[in-house]
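S.K.:
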Amino acid sequence: MKIHNEKISCKTGVHHPTFVDVTEDVKRIAASTGMKDGLITVYSQHTTCSVIIQEPSRSNTYHDIPLIQQDLVNALAKIIPTCEYEGQYLHPDMSVRKEVLASGKGAFHLNTDAHLRSVIMGRSVSIPIINGEVQLGLFGHVYFVDWDQVRERDREVIVHIIGE
C-alpha cells in the first residue's frame, strides 16, 4: 500500500465566504501517484473552513461566488447568522477579545459564525479512486470553503491518498 500527502495553497477573500475549486489540483495529485485504486481525503486543518463536493454553477454573483454556493451561504445564514457585532455569540471569551483588540488587529475575533458553519459542513471529504479515475461523478467538483469573512488569508488544503 502506498501513501501520498500533498498540500494545495488557497488565497481567500474578505467580506464574503470564499469558495476555491480545487478539483483539478486533486485530480492532478491523484494522477501523479500512479495509484489505480485507493481513497483520497481532502482535508482542511482550519477551524473556520470546510471542504465540500458540489456541482459548479454557470453563473456567479457579484463577488464571483457560483450561484449554488451562494444558495448554500444564504441557507446557512438562516440558521447561523453572520457575526456582525460584539456579543452576538458567546465565543470567544473576553480574554481573547481583549488580546485581539490590544494587538491592534481589529475585530478579527468576530468569526464565530465561520467556526459553526465549518462544524456543520465538515472539514473533509473522501473520494474513491477506481481504475485510476477519481470518482466525482458527472458534475462533482471539490471546493475549499473559507467561511471566515473578516480578512484575507493564505490557506492550505491537505490531500492524503492511500492506495495501490
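Here the sequence shown is numbered in this note's numbering, starting from 2 and rising by one per residue.
Note that beta-carbon positions come from the ideal geometry of N, C-alpha and C, so glycine has one too.
Based on the DSSP secondary-structure assignment, which residues constitute the bridge partners of Asp147?
M.R.: Partner(s): Thr19, Cys50.
S.K.: In or out: Arg29 buried (at least 16 other Cβ within 10 Å) or exposed?
M.R.: By the neighbour-count rule (16 or more Cβ atoms within 10 Å), Arg29 is not buried but exposed.
S.K.: Between Arg124 and the rest of its own chain, which residues show a CB-CB distance below 7 Å, the 5 nearest in sequence each way excluded?
M.R.: Correct list, in chain order: Tyr44, Ser45, Cys50, Ser51, Val52.
S.K.: How many whole angstroms separate the CB atoms of His142 and Pro18, which I take to be in contact at a CB cut-off of 8 Å?
M.R.: Their Cβ separation, rounded to whole angstroms, is 16 Å, which puts His142 and Pro18 out of contact at 8 Å.
S.K.: Around the C-beta of Val21, are 16 or more other C-beta atoms found within 10 angstroms, so that it is buried, or is it exposed?
M.R.: Flag for Val21 reads buried.
S.K.: For Asp38, write down the residues that DSSP places opposite it in a beta bridge.
M.R.: In the DSSP output, where bridge partners are listed per residue, Asp38 has none listed.
S.K.: Once DSSP output is grouped into helix, strand and coil, what is the label at Gln70?
M.R.: In this structure, Gln70 counts as helix in the three-state DSSP scheme.
S.K.: What number of angstroms, rounded off, separates the C-alpha of Gly35 from the C-alpha of Val135?
M.R.: In a straight line, the C-alpha of Gly35 is about 12 Å away from that of Val135.
S.K.: To the nearest angstrom, how far is it from the Cα of Lys114 to the Cα of Gln71?
M.R.: For clarity, residue 114 is Asp in the given sequence; the question names Lys instead. Spanning the two alpha carbons is a distance of roughly 16 Å.
S.K.: For Ser125, which residues does DSSP report across the bridge?
M.R.: Answer is Tyr44.
S.K.: Have a look at His110, Phe140, Asp147, Ser60 and flag the residue whose alpha-carbon is nearest the alpha-carbon of Tyr90.
M.R.: Ranking the options by Cα distance to Tyr90, first place goes to His110.
S.K.: Please list, in chain order, all residues of the same chain as Ala31 whose beta carbon is under 7 Å from its beta carbon, the five residues on each side excluded.
M.R.: Excluding residues within five positions, the ones whose Cβ falls inside 7 Å are Ile41, Ile130, Val135, Ile162.
S.K.: Secondary structure at His110, three-state DSSP: helix, strand or coil?
M.R.: Coil.
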